[in-house]
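Take a look at the structure below.
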Amino acid sequence: MPTKTDLRDDIQHHLKYSLGKDAGHAQITDWRLALSYAIRDRIVDPWFASTRATYAQKGKRVYYLSMEFLIGRLLEDAVVNLGLMDEAEAAFKANDLSLDDVLGDEPDAALGNGGLGRLAACFLESLSTIGCPAYGYGIRYEHGLFKQSFHEGRQIESPEDWLTQPHAWEFERPEAAFRIGFGGSVEELGGKTVWTPSEAVIAEAFDTPIIGWEGRWANTLRLWAAKPEQVFDLDRFNAGDYYGAAEPENLARTISRVLYPDDTTDEGKRLRLKQEFFFTAASLRDILRRFESEYDDLELLPQKVAIQLNDTHPAIAGPELVRLLADEKGMPVEKAIEIARGCLSYTNHTLLPEALERWSEGLMRDLLPRHMQLIEEIDAAHARENPSRGVTMTDDGDVLMGPLAFAMAHKVNGVSALHTELMKETVFEELHRLHPDRIVNQTNGVTPRRWVLSANPRLSALITEAIGDGWVDDLERLSKLEPMADDKTFRDAFAAAKRANKADLANYLGDRGTNVDPDAMFDVQIKRIHEYKRQHLNIIETIAHWQEIKDNPGAGWVPRVKIFGGKAAPGYVFAKEIIHLINAVAEVINTDADTGHLLKVAYPANYNVTLAERLIPAAELSEQISTAGKEASGTGNMKFALNGALTVGTLDGANVEIRDLVGAENFFLFGMTADEVVKRREVEGHAQKAIDADPRLKRALDAIRSGTFGPGFEGIVDNVSGPDYFLVASDFTDFYRAQREVEKAYADQDAWTRMAVLNTARSGWFSSDRTIRGYMRDVWYSEALAAE
Ligand code: CBF
């Protein structure tokens, strides 16, 4: 349990003795680090107690292997979960500082690209809140996702540098280090298969404790940093080759240097595969070491160890675990496959073909020769078990990581009901036929501690006042708010909280150059920029709407602020053009004297977790407009609904479940279904037909083409009126209609607030605590424990 010493004294203590600073000269970063150390001290005891309880009760541990953990800032999470907000505020007030400024000084750890990484971060927090013994395993990237700025409307990338200052949360573990090899050869020696790598690096562990709600339990996020085997080549140095002397270190460190800035393509293939093997192999060795410190029978492994593969990035875990069990522990390969499968499970996060990982057999054989052999053995074993099948782990000279992960997992899950069904019908159709019990659904969720309690203190206070604070770790209690949707006093308070959040955001946007009216509707689309997410549909509709307003400015329009946020992968040219177009449209519309008071476009740069925490509480309309069948789940959609935003969306991903729960009358549906999308694509000239049928769409596209927003956007127009794979043109008319429905509804503010309250009240199911309980029950077969 947290220690009972005075937080203010502890902050002063750390300022002086850990940072060597006199309070009179301390900068904001010193105060923030001092607070972080004081908070960390309070986490260590529950952390140790959790570990002791797991050993004492022989608990099953869950290991979550993920290339990405988009954790953002950690300090506020920890302060909130320990219930120390008031104390921390008071401690800083005494020094004439604001806690908000101190918390705001923390760098946003962007160790992930988007949804998949943020989901992993929510899961870590929920695992601790629930008391499920667990480790997150990943890479300690020196540089997370790039920083985004805009120059003349275009995205500029610069390196992210979260580690240039001390990272207060981690503990370096030089003793927890493993040698990870690559390349080399495989031989049979004395009846044993021996892999002798030709190069190796050291994986060294850095541990961050993750504290759950009320400090009841803490798990570990263990991130691996790559270090050279030989720190420095003294011979080369002495020979005057100073650069060469540092080469081994540079080469090794490259592995944990950068997060790949794209979650849908696999550039830099060799390095990416090295990263994947590096962290997976280190994690598996760590897992086996811990297991063997407690048990001496490897057959117990599936009873005591659950390993979740977050997408296929760690799918090499299958062959590597087989190798460890067979080659290093002497188990027959078939038995090793069975034991490994008992431990492993795999989450699929996308059906986009370009994101389904494949590695050339040549590269695999070169980098991981023993693993390539084992992949062939796994394939052969799978063929023996399923003689009628036509599935293979390889295709056209490539290893297919999806089928490999599937074959090596006892459970495979999708991340929303629709996505899971589509998995069964498309990418894993045949594997599902062979193993009909293997695929299960676990709809994603988000942690309410971060996404409501911390991010939206005004709404949280109102909820707590109305129904008590039990909702924080039992989010379905929000349903108790439902009757209050009909209580005018509650609705007014709800609307006032939203209005205050909007005023804060308006100030933030104003400070960054876009002045907006806090009484206008705040309409938000924040996520990675991608064609399937269709930010271009949104901006084209914005143009069409602007043109209508301009035709008749006095027609009683509902004032609106269209807010965008998101980064494009540096090599994704089309996505970058969309960013440029949004900014170009903003420049024209925002300075239009006829319409400026009715329509604004804001695009704050460098969207990240911290910015999301600012935008979501202020949002009234949530744009979830992906082409049906393409967004596996989404989690932003859940955060918005919980914070009382209404959704305009397609029947895609978890939107379907959100609509079912909040009620069709509290959701603005538009667009084709996944089945209709498939059929529509087969219609010859579908885009042109849609454009011919809708003069508004034609006019908006003509404006872009004719240079109303500047030159250089023909690519977008050509795409939307040509191949239009993501069916922007075909869904436009219905989207435009839905947006007008939104405005009609918004015009009655009180009725809108009622719908917003119902969205909050009915979204409790989207807690990541519920998702984790689902994994524990259906996938990991694990139990929660209580710390001593
Ligand atoms: O499941 C978490 C998220 O993962 C993605 O971001 C991904 O990287 N594949 C999907 O695109 C999201 O739909 C999903 O919510």
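216 is the number of the first residue of the sequence shown in the numbering used here; add one for each residue after it. By construction, the Cβ of each residue, glycine as well, lies at the ideal position given by its N, Cα and C atoms.
Exercise. So what's GLY353 in DSSP terms, helix, strand or just coil?
Worked result: If you number the sequence shown from 1, residue 353 lands on position 138. In the three-state DSSP reduction, GLY353 falls in the strand class (E or B).
- In chain order, what are the residues with a CB under 6 Å from some non-hydrogen atom of the ligand CBF? GLY329, GLY330, LEU331, LEU334, ASP478, HIS564, THR565, VAL630, ASN659, GLU846, ALA847, SER848, GLY849, THR850 and GLY868
- [ ] Give the straight-line distance between the Cα atoms of MET216 and TRP262, rounded to the nearest whole angstrom.
- [x] The residue given as residue 216 occupies position 1 in the sequence shown. The residue given as residue 262 occupies position 47 in the sequence shown. Confidence at MET216 is low in this model, with a pLDDT of 40, below 50, so the placement of that residue is unreliable and no value is reported for it.
- Query: Is it right to say ILE371 is buried, meaning 16 or more other beta carbons lie within 10 angstroms of its own, or is it exposed?
  - Reply: Translated into the one-based positions of the sequence shown, residue 371 becomes position 156. Classification of ILE371: exposed, given that the 10 Å Cβ count is below 16.
key: Local conformation of ALA801 per DSSP, three classes   = The count along the sequence shown starts at 1 and reaches residue 801 at position 586. Reduced to three states, the DSSP call for ALA801 is helix.
Item to complete: List the whole-angstrom C-beta distance separating LEU297 from GLY430, where the pair is believed to meet the contact cut-off of C-beta under 8 Å.
Response: Position 82 of the sequence shown holds residue 297. Position 215 of the sequence shown holds residue 430. Rounded, the Cβ-Cβ distance is 5 Å, consistent with contact.
Ignore the nearest five residues each way along the sequence and tell me which others in ALA268's own chain have a CB closer than 6 Å to its CB.
Position 53 of the sequence shown, counted from the start, is the residue given in the question as residue 268. Answer for ALA268: LEU1000, ALA1002 and GLU1003, listed in chain order.
Option in ARG673, LYS854, CYS337 and VAL537 with minimal Cα separation from LYS550:
Taking the sequence shown and counting its residues from 1, one reaches residue 550 at position 335. The shortest C-alpha separation from LYS550 is found at VAL537.
Euclidean distance between Cα positions of ARG505 and SER281 = One-based indexing of the sequence shown puts residue 505 at position 290. One-based indexing of the sequence shown puts residue 281 at position 66. Looking at the two C-alpha atoms, the distance is approximately 19 Å.
Task: Given ALA971 as reference, the closest of LEU583, ALA271, ALA620 and ARG714 once Cα atoms are compared - done: Locating residue 971 in the sequence shown gives position 756, where the first residue counts as 1. Measuring from the Cα of ALA971, the nearest candidate turns out to be ARG714.
Beta-bridge pairing of TYR561 - partner residues as DSSP gives them
Sequence index remark: in the sequence shown, residue 561 carries index 346 (1-based). Answer is LEU524 and VAL627, bridged to TYR561.
Legend entry - Cβ pair LEU435, TYR510 closer than 8 Å: Start at 1 with the first residue of the sequence shown, and residue 435 comes out as number 220. Start at 1 with the first residue of the sequence shown, and residue 510 comes out as number 295. Note that residue 435 corresponds to Thr in the displayed sequence, not to Leu. Not a contact, by the Cβ cut-off of 8 Å.
query = ASN525 to THR495, Cα distance in whole Å?
reply = For this step, residue 525 is matched to residue 310 along the sequence shown. For this step, residue 495 is matched to residue 280 along the sequence shown. Taking the straight line joining both Cα atoms gives about 11 Å.
Is it buried or exposed, HIS528, if we count other Cβ atoms within 10 angstroms and call 16 or more buried?
By one-based count along the sequence shown, residue 528 stands at place 313. The residue in question, HIS528, is buried, as its Cβ has 16 or more Cβ neighbours within 10 Å.
Exercise. Look up TRP432 in the DSSP assignment and say whether it is helix, strand or coil.
Key: Taking the sequence shown and counting its residues from 1, the one referred to as residue 432 is at position 217. Coil at TRP432, not helix or strand.
CB of GLY346 within 8 Å of CB of TRP432, strictly: What you label residue 346 is simply residue 131 of the sequence shown in a count that begins at 1. What you label residue 432 is simply residue 217 of the sequence shown in a count that begins at 1. Yes.
Point to revise | For ALA817 and LEU724, believed in contact at Cβ under 8 Å, the rounded distance | key: For this step, residue 724 is matched to residue 509 along the sequence shown. For this step, residue 817 is matched to residue 602 along the sequence shown. Going by Cβ atoms, the distance from LEU724 to ALA817 rounds to 5 Å, so yes, they are a contact pair.
Item to check | ILE1004 versus ASP890, THR562, ILE682 and LEU540, residue with shortest Cα-Cα distance | outcome: Look at the range of the chain in this structure, 216 to 1003, and you will see that residue 1004 is not part of it.
Exercise for review: Measure the beta-carbon distance from ASN852 to ALA869 and round it to whole angstroms, keeping in mind my assumption that it falls under 8 Å.
Suggested key: By one-based count along the sequence shown, residue 852 stands at place 637. By one-based count along the sequence shown, residue 869 stands at place 654. Indeed, because the Cβ distance is near 6 Å, the residues count as touching under 8 Å.
Thinking TYR747 and LYS845 are a contact (beta carbons under 8 Å), I'd like their distance in whole angstroms, please.
Residue numbering aside, residue 747 sits at position 532 when the sequence shown is read from its first letter. Residue numbering aside, residue 845 sits at position 630 when the sequence shown is read from its first letter. In this structure TYR747 is in contact with LYS845, their Cβ atoms being roughly 4 Å apart against a cut-off of 8 Å.
CB-CB under 8 Å to ALA325, same chain, minus the five flanking residues each way: which ones, in chain order?
On the sequence shown, position 110 is the one that residue 325 refers to. Hits under 8 Å: LEU285, GLY287, GLY359, LEU360, GLU375, TRP377, LEU474, ASN823 and VAL824.
* For ALA820, collect the residues of the same chain with a Cβ closer than 6 Å to its Cβ; drop the 5 residues on either side in sequence, then sort them by chain order. => Numbered from 1 along the sequence shown, position 605 holds the residue referred to as residue 820. The residues are GLN363, SER364 and PHE365.
### Query
Who are MET736's beta bridge partners in DSSP?
For this step, residue 736 is matched to residue 521 along the sequence shown. Per DSSP, the beta-bridge partners of MET736 are ARG775.
For GLU291, tell me which candidate among THR923, LEU696, GLU756 and SER669 has the shortest Cα-Cα distance.
Here residue 291 refers to the residue found at position 76 of the sequence shown. Ranking THR923, LEU696, GLU756 and SER669 by Cα distance to GLU291 puts SER669 first.
For the segment 778–861, list the alpha helix (DSSP H) runs that are entirely contained and at least 4 residues long, ordered along the chain. 788–805, 824–830 and 851–857
**OP:** Following the continuous alpha helix (DSSP H) through GLY725, name the residue where it begins and the one where it ends.
**Re:** Walking along the sequence shown from the start, residue 725 turns up at place 510. Segment 703–726, the alpha helix (DSSP H) holding GLY725.
### Query
Which residue from LYS894, ILE794 and SER631 puts its Cα closest to that of THR986?
Locating residue 986 in the sequence shown gives position 771, where the first residue counts as 1. The option with the nearest alpha carbon to THR986 is SER631.
Taking ALA918 and ILE758 to be in contact with their CB atoms under 8 Å, please state how far apart those CB atoms are, rounded to whole angstroms. Taking the sequence shown and counting its residues from 1, the one referred to as residue 918 is at position 703. Taking the sequence shown and counting its residues from 1, the one referred to as residue 758 is at position 543. Contact flag correct, Cβ pair sits at about 6 Å.
Query raised in the report: When the Cα atoms are used, what is the spatial distance from THR641 to VAL776?
Result: Locating residue 641 in the sequence shown gives position 426, where the first residue counts as 1. Locating residue 776 in the sequence shown gives position 561, where the first residue counts as 1. Their backbone Cα atoms lie some 39 Å apart in a straight line.
Checklist entry - Around the Cβ of ARG257, are there at least 16 other Cβ atoms within 10 angstroms (buried) or fewer (exposed)? => result Taking the sequence shown and counting its residues from 1, one reaches residue 257 at position 42. ARG257 comes out buried.
Spatially closest choice to ILE794 from ASP933, ILE426 and ILE741, by CA coordinates
Indexing the sequence shown from 1 puts residue 794 at position 579. It is ILE741 whose Cα lies nearest to the Cα of ILE794.
Considering only C-alpha positions, which residue in the set GLU872, ASP422 and ASP965 is nearest to ASP702? The count along the sequence shown starts at 1 and reaches residue 702 at position 487. Answer by Cα proximity: ASP965.
ask   = According to DSSP, is GLY864 helix, strand or coil?
value = Taking the first residue of the sequence shown as position 1, residue 864 is located at position 649. DSSP places GLY864 in strand when its eight states are reduced to three.
*When the distance is taken between beta carbons, is ARG437 closer than 8 Å to LEU352?*
Residue numbering aside, residue 352 sits at position 137 when the sequence shown is read from its first letter. Residue numbering aside, residue 437 sits at position 222 when the sequence shown is read from its first letter. Looking at the sequence provided, one finds Tyr at residue 352 rather than Leu. Cβ atoms of TYR352 and ARG437: closer than 8 Å.
Quick check: the Cα distance between GLU419 and MET300, rounded to an integer number of angstroms? The residue given as residue 419 occupies position 204 in the sequence shown. The residue given as residue 300 occupies position 85 in the sequence shown. Cα to Cα, the separation comes out at about 34 Å.
Looking at the structure shown, is LYS742 part of a helix, part of a strand, or coil, going by DSSP? For the purposes of this step, residue 742 is taken as residue 527 along the sequence shown, with counting starting at 1. LYS742 falls in the coil class under three-state DSSP.
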